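Take 604 as the starting number for the sequence shown in my numbering and just add one per residue.
Heads up, the thing below is written out as structure tokens.
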Amino acid sequence: MTYPTFAKRDEHQVAALNLTVQSFVHKVTGAEHYHLQCDNPENVFMVGLRTAPTDSTGVAHILEHTTLCGSRSFPVRDPFFMMLRRSLNTFMNAFTSSDWTAYPFASQNRKDFFNLLDVYLDAVFFPRLDELDFAQEGHRLEFADPADSNSPLTFKGVVYNEMQGAMTTPTSFLWQGLAQHLFPSTTYHFNSGGDPEIIPSLTYARLKEFHRRNYHPSNAFFLTYGDLPAAELQEVFEKRALQEFQMESAAPFLVTAERRLKAPVSVCEKYPAEALPDNEESDKRTHLVMGWLLDVDDSLESLIEAHLLAAVLLDNSSSPLLDALETTDLGRAPSPLCGLDDDHKELIFCCGLEGCLVDSAVEIEEMILSTLERVAAEGLPLEQVEAVLHQLELQRRAIGGDGYPYGLQLLLAAFPAVVHKGSVIDRLDIDPVLEKLRLKIKEPDYISGLLRRLLLDNSHRVRLTMVPDSDLGPQREQALRDRLEARLRALDSEQKQKLIAQAAALKL
């Protein structure tokens, strides 16, 4: 059955998962609904939205927080956390990724499920977005002594503080630097969580505009799992939210593929590091990574092939590339970024070393490329590739870990296909792809061809050297103090009293 305001697009049984995938579209707004119908009484709901940022203010991240601070029908400050304490839910949360935001929950109790559904739909589509909540969750100016206008100014805010902590490790600087150069022109160039130096430039008006444009049903997708019928869920979607909207033709853009580099790029940047005693070599804290943006389509077969290649190269100490990185004298250990990243529209393969000398960059790059050339020339034993493929199969079937409900893990597995207009069925029905790959890996040159196509013949490659700089941290701290002192000088007495009043209001 389908609720009258929705149209059914297709239906597909996935025997291995003992469920049926049903796809619907809302006739007026174009909102999509994917329902995984099964006999499991633990029902799961998730509403997702495309929220690709165009800067590093962290607007999507801050909006996720602020959305949960009260809504039209639930105008209390923290309905989300009230329900978290009182509900019978088995899961409640919200996620912000690099190009999407999602609000999922799960419950085994029917009444509780629909109570939560009311709260979530109202929060997402009709939030209060109070300016005080923006100051609390995003960023604000506050005196070091909140009641004393003669004390220094500081930046505060939940997301601001969170990202201050997140951007303190060499690995975080390494990843952000690599992403900026691998993605010079698309949304992944930016720090979607927010750069602490840029977060304070986000305005309240910009937050509300981002919600108006992105949190519209024309840009939304509902994903559900469990034994509740799709029509019953759609009736709630309609009456609680969708009936108040029309089609939005200016819905947010889909993320496009990055323009390809015509030749590999080499970059050297600095990260803040503590000063070391004179007898220690700070260069030994240099990080070097090589990153490739893979030129593949968005099918499940291409995804598993990329994971297969990454695993045969880096899975354990007997894997050729990991062995080379672990045994070389050019660095202390393999980089924590080593592996395949599949959290974006396009896949990223990384490898490299930490604890190396800055002058060794070319030598390390040559060592990595020569290792890949050797594997491409000599191939790998079939037994080794079969073992890796079998392990990948077990990982994709062993859904149930991570503390997430089973149904939510299935929804998250399908989610990238929904966001980027791929095939949900393809992401869930893995048996045909695995059967095809079991045959392909028996071809003598399969791994060699895959390695050349994805890595060796791929010019979209970045070599990033990240060098420690003990002066950079103090310089940034001084720049922040100068910025805050300038803001303080610009405040008149009335503005100072408003900051004191705001700080007092946030304590209530």
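Built from N, CA and C at the ideal position, the CB exists for glycine as well.
Computed from a prediction, not measured in an experiment: that's the story for all the values here.
| said: So for Phe840, helix, strand or coil by DSSP? | reply: helix
| query | Does DSSP put His1063 in a helix, a strand or coil? | reply | coil
| said: With a threshold of 8 Å, are at least 3 pairs of Cβ atoms found where one atom belongs to the segment 1031-1042 and the other to the segment 838-852? | reply: no
| Closest residue to Asn764 among Arg815, Phe716, Ser700, Ile665 (Cα-Cα distance) | Ile665
| request: Report yes if the CB atom of Ala1069 is closer than 9 Å to the CB atom of Phe793, and no otherwise. | output: Per the sequence shown, the amino acid found at residue 1069 is Met instead of Ala. For Met1069 and Phe793, no; Cβs fall outside 9 Å.
| message | Please confirm whether Gln640 has its beta-carbon closer than 9 Å to some beta-carbon of chain B. | response | Of the protein chains in the structure, only one exists, and it is not chain B.
| request: For the beta strand (DSSP E) containing His890, list its first residue and its last residue. | output: 889-896
| Is the distance from the Cβ of Leu826 to the Cβ of Gly1025 below 9 Å? | no
| Whose CA, out of Leu950, Asp900, Asp1085, Ala726, lies closest to the CA of Ala705? | Ala726
| Between the C-alpha atoms of Asn968 and Val892, what's the straight-line distance to the nearest angstrom? | A quick correction: the sequence has Glu, not Asn, at residue 968. Going by the C-alpha atoms only, they are around 9 Å apart.
| Where does the unbroken alpha helix (DSSP H) through Met970 begin, and where does it stop? | 964-981
| With respect to the beta strand (DSSP E) encompassing Met766, which residues constitute its N-terminal and C-terminal limits? | Looking at the DSSP string, Met766 is not in any beta strand (DSSP E); the run it does join, the alpha helix (DSSP H), is 761-769.
| field | Secondary structure, beta strand (DSSP E): runs of 3+ residues fully inside the segment 779-825 | value | none
| query | Taking the alpha helix (DSSP H) that Asn718 falls in, what are its first and last residues? | reply | 713-728
| said: Distance check for His819 and Ser852, CA to CA, integer angstroms please. | reply: 11 Å
| Tell me which same chain residues have a C-beta within less than 7 Å of the C-beta of Ser752, skipping the five on either side of it? | Phe746, Lys1099, Ile1103
| field | Neighbourhood of Met686 by C-beta distance below 8 Å, restricted to the same chain and skipping five residues each side | value | Asn692, Met695, Asn718, Leu719, Val722
| task | Count the other C-beta atoms from every protein chain shown that fall within 10 angstroms of the C-beta of Lys1045, then say buried if there are 16 or more, exposed otherwise. | result | exposed
| field | Own chain partners of Leu1087 with C-beta closer than 6 Å, once the 5 adjacent residues on each side are dropped | value | Leu756
| message | Along the chain, where does the beta strand (DSSP E) containing Ala610 start, and where does it finish? | response | 609-617
| field | Pairwise C-alpha distance: Leu956 and Ile971 | value | 10 Å
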